[in-house]
Amino acid sequence: MTPGQTPVICTGAKALIESLERVGVEVIFGIPGGTILPAYDPLYDSKIRHILVRHEQGAGHAAEGYAVATGKVGVCMATSGPGATNLVTAIGNAYMDSVPIVAITGQVASTAIGTDAFQEADIRGITFPITKHSFLVTRAEDIPEAVEAAFMLARSGRPGPVLVDIAKDALAATAPFEWPEDLVLPGYRPTVKPHPRQIREAAKLIKQAERPVLYVGGGVCKARAYDQLAKLVEITGIPVVTTLMARGAFPDSHPLNYGMPGMHGTVAAVGALQRSDLLIALGARFDDRVTGRLDTFAPGAKVIHADIDPAEISKNRVADVPIVGDLAHTLTELNQDLQNGSNPDIGGWIRYLDNLRKRYQPDTSPIEEGVLSPEYVIKRIGELAGPDAYFVTGVGQHQMWSAHLLPHERPGHFLTSGGAGTMGYCVPAAMGAKVGQPTAQVWGIDGDGCFQMTNQELTTCALNNIPVKIAVMNNQSLGMVRQWQTLFYGERYSNTDLKSLQVPDFPKLAEAMGAVGLRATKEAEVDQVIKQAMEINDRPVVVEFVVHKDSMVWPMVAAGASNDDINIARDLAPDWEGEEL
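Just so it is clear: in the sequence shown, position 230 is 245 by my numbering, and no numbers are missing.
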């Protein structure tokens, strides 16, 4: 609004939609209901696309998928009470994985808040620990500023979810629409530029190291610091390991990429961390799934820890050189410093890691002749779809196989639930990714357990022309839990048998929801059904692969164990001493 111009009087609902348009929202995933209903009336005339999901959790995960695939802020919307609480899992997932989403919820009238009114829930209080910030708006005139602030908070600093809870009477009331041209958030000033002294100290340690490792986390993806990371590797020749949330941030095909570290990491990646003398942690948080038993993690290594969130630095492992700042800026400045002078010869270190990688490659052969290997299926999906496809997974064994076997060559093309480990993430997140990247091929790789949690969003995909492709690894069980029962509970399979070959019939279920249903039960059929699915682009496709019930994810570090105790198969550890360091 220009100075002297009379502000337009409008309802809070109209102000909400106008505000969303101004911050550049293109799509909202949601379900209308009583308290949010006023907002759906002006939405009817808006240029914003609304996708009516079948469950609010699906709306939240779809917003996440859209955000990761596009780099924009994802938006979901729900009514009060159960509508809002159904968003909680997705909000928590976004918080753990630093995904920028804004969740807009209706709330009961301001005069009824605290009275246990119909469909009242203190969603702001419920989500307090899992949001960057939350707003409770009770006046129509406060809506534009709350929306602008929510989007600024969601995408800046360490990204994450923000909640905007709006009372129904605020949506119905009228007020002047005033857009905050110069928004100021007192006390919120994320550090973007790193301290030069810390950059110098980091460069000094790097130049002295004999066994350095770049421990790359999801923060590199959030900062979109891919080119700067590649430049750092080019300058220094330092080996790279990429966590689950950073797969694709540095191409797997590069000879210095040794894969994913951690509980189900490659032997080379785990060995690199454990035997390093310098960890250069970039946007990583020393998660327990990477470190194993913390007091035995990388015992001989000094630590450079760079992150935009100061709360992460030295939280789990004390940093010798802490660097707070945006990773794109941090790596740019570090690269400039490292270009001056020579770096040490680490050829012996590289040879050691190369030998580990060569000796301990993943095995995709079937454990029983004539029964499909899920590893083989996932590898073939990756090979036939190619590195330009977007791959989305659920959580469990198929997730770990996907992390190892898919072609992780492009940043932002691998979407998965990391910190929260949310079963049911795959289908709705794939839907969101496809909405964000409509011309790209999007493959969801799911398990039969995960798929049965949120597959109703296939109906949403069918009705909204969102032709995702979902591969279901049907091992008739909760596979990862069964693996633990096999290894640690004496093969006592308590409540992990899903009987998925009896009920449901996945291809028929897919057909009932407007998708194409396909099935493969033997190796000769795998390429055929994958190619058939890739040729169908006018509706969603579900491909069921009937795989062996007892396929296991290897390597594996048992929960609470040291990374040094990694196994490459049951009762079989790598020969660490067989390679000279």
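From the three backbone atoms N, C-alpha and C, an ideal C-beta is built for every residue, glycine too.
Only a predicted model underlies this, so the values are computations on that prediction, with no experimental measurement involved.
Kindly indicate which three-state DSSP category Trp499 falls into: helix, strand or coil?
Here Trp499 sits in helix by DSSP.
According to DSSP, residues forming a beta bridge with Ile79
Per the sequence shown, the amino acid found at residue 79 is Glu instead of Ile. DSSP output for Glu79 lists no bridge partner at all.
Straight-line CA distance for Arg226 to Met415?
When rounded, the distance between both Cα atoms is 27 Å.
Of the residues Asp553, Tyr440 and Ser125, which one's Cα is nearest the Cα of Ala477?
Nearest C-alpha to Ala477 among Asp553, Tyr440 and Ser125: Asp553.
Do Ala418 and Met609 have their beta-carbon atoms positioned less than 8 Å apart in this structure?
Since the displayed the chain opens at 16 and closes at 596, residue 609 lies outside it and no answer follows.
Between Ala132 and Phe150, how many whole angstroms is the CB-CB distance? I'm expecting something under 8 Å.
Rounded, the Cβ-Cβ distance is 20 Å, inconsistent with contact.
Let's see if you can read the secondary structure: which residues bound the alpha helix (DSSP H) around Phe466?
The continuous alpha helix (DSSP H) containing Phe466 extends over residues Asp463 to Thr469.
Decide yes or no for the touch test of the region 99-119 against the region 69-78: beta carbon pairs closer than 8 Å, at least 3 of them.
Output reads yes: the region 69-78 touches the region 99-119.
When burial is assigned at 16 or more other CB atoms within 10 Å of the CB, is Gly39 buried or exposed?
Classification of Gly39: exposed, given that the 10 Å Cβ count is below 16.
Determine contact between the region 191-208 and the region 235-253, defined as no fewer than three beta-carbon pairs at a distance below 8 Å.
Contact fails: fewer than three Cβ-Cβ distances are below 8 Å.
What's the call for His269, buried or exposed, on a 16-neighbour Cβ count within 10 Å?
Exposed, since its Cβ has fewer than 16 Cβ neighbours within 10 Å.
Nearest to Lys564 by CA position, among Pro174, Lys514 and Glu79, is which residue?
It is Lys514.
Under three-state DSSP, which class holds Pro227?
Of the three classes helix, strand and coil, the one that applies to Pro227 here is strand, per DSSP.
8 Å contact criterion, which Phe560 and Ala486 should meet: CB distance rounded
Rounded, the Cβ-Cβ distance is 6 Å, consistent with contact.
With three or more C-beta pairs closer than 8 Å as the rule, is the region 210-230 touching the region 175-186?
Between the region 175-186 and the region 210-230, the count of C-beta pairs closer than 8 Å stays below three; the two stretches do not touch.
Contact check, Val123 vs Gln134, beta carbons under 8 Å:
In contact: Val123 and Gln134 (Cβ atoms closer than 8 Å).
Which stretch, first to last residue, makes up the alpha helix (DSSP H) that contains Ala185?
Note, Ala185: alpha helix (DSSP H), Lys183 to Ala187.
Please determine, among Gly277, Ala182 and Leu524, the residue with the shortest C-alpha to C-alpha distance to Val572.
Of the listed residues, the one whose Cα sits closest to Val572 is Gly277.
Should Ala299 and Thr258 be called a contact, given that it needs their Cβ atoms to be closer than 8 Å?
Yes, the Cβ-Cβ distance between Ala299 and Thr258 is below 8 Å.
DSSP state of Pro13 mapped onto helix, strand, coil
Only positions 16 to 596 of the chain appear in the structure, and residue 13 is not among them; the question remains open.
Candidates Asp56, Leu35, Ile128 and Lys87: closest to Ile119 by CA position
For the residues Asp56, Leu35, Ile128 and Lys87, the minimum Cα distance to Ile119 belongs to Leu35.
Which class does Gln543 belong to by DSSP, given the choice of helix, strand or coil?
In the structure shown, Gln543 adopts helical secondary structure according to DSSP, grouped into three states.
Please classify Ala224 as buried or exposed, where buried requires at least 16 other C-beta atoms within 10 Å of its C-beta.
By the neighbour-count criterion, in which 16 or more other beta carbons inside 10 Å mark a residue as buried, Ala224 falls on the buried side.
Along the beta strand (DSSP E) that carries Glu559, what are the first and last residues, could you check?
Glu559 -> beta strand (DSSP E) spans Val556 to Val561.
Are the CB atoms of Ala161 and Ile116 within a distance shorter than 8 Å?
It is not a contact, given that the beta carbons lie outside the stated cut-off.
Would you mind stating whether Ile3 and Leu31 have Cβ atoms separated by less than 8 Å?
This structure cannot speak to residue 3, because the chain is shown only from 16 to 596.
Would you list, in sequence order, the uninterrupted alpha helix (DSSP H) runs of no fewer than 4 residues that lie entirely inside the region 508-532?
Taking 4 residues as the shortest admissible run, the region 508-532 contains the following complete alpha helix (DSSP H) segments, listed from N- to C-terminal end: 521-527.
If you draw a straight line from the C-alpha of Pro555 to the C-alpha of Val450, how long is it?
Computed Cα separation, rounded: 13 Å.
Which same chain residues end up closer than 6 Å to Leu229 when comparing Cβ atoms and leaving out the 5 residues on each side of it in sequence?
Excluding residues within five positions, the ones whose Cβ falls inside 6 Å are Ile253, Val255 and Ile295.
Presumed contact (8 Å Cβ cut-off) between Val339 and Thr206, rounded CB distance:
Confirmed, Cβ separation roughly 5 Å.
Please tell me whether Ala444 and Val407 are closer than 8 Å, where the distance is taken between their beta carbons.
In this structure, Val407 lies closer than 8 Å to Ala444 by Cβ.
Could you tell me whether the Cβ atoms of Gly529 and Phe521 are closer together than 8 Å?
For the pair Gly529 and Phe521, the CB atoms are not nearer than the 8 Å cut-off.
Name the two residues that bound the continuous beta strand (DSSP E) containing Leu151.
From DSSP, the beta strand (DSSP E) with Leu151 extends over His148 to Val152.
So, at 6 Å on beta carbons, what are the nonlocal neighbours of Gln498 in its own chain, with the 5 sequence-adjacent residues on each side left out?
Around Gln498, the same chain offers Met567 as residues with beta carbons nearer than 6 Å, after the five sequence neighbours per side are excluded.
Enumerate in chain order the residues of its own chain whose CB-to-CB distance from Asn470 is below 6 Å, with the five nearest sequence positions on each side excluded.
Counting only Cβ-Cβ distances below 6 Å, and skipping sequence neighbours, we find Val442.
Residue range of the alpha helix (DSSP H) that includes Asp297:
For the sequence presented, residue 297 should be read as Leu rather than Asp. Counting along the chain, Leu297 falls outside any alpha helix (DSSP H), though it belongs to the beta strand (DSSP E) covering Leu293 to Leu297.
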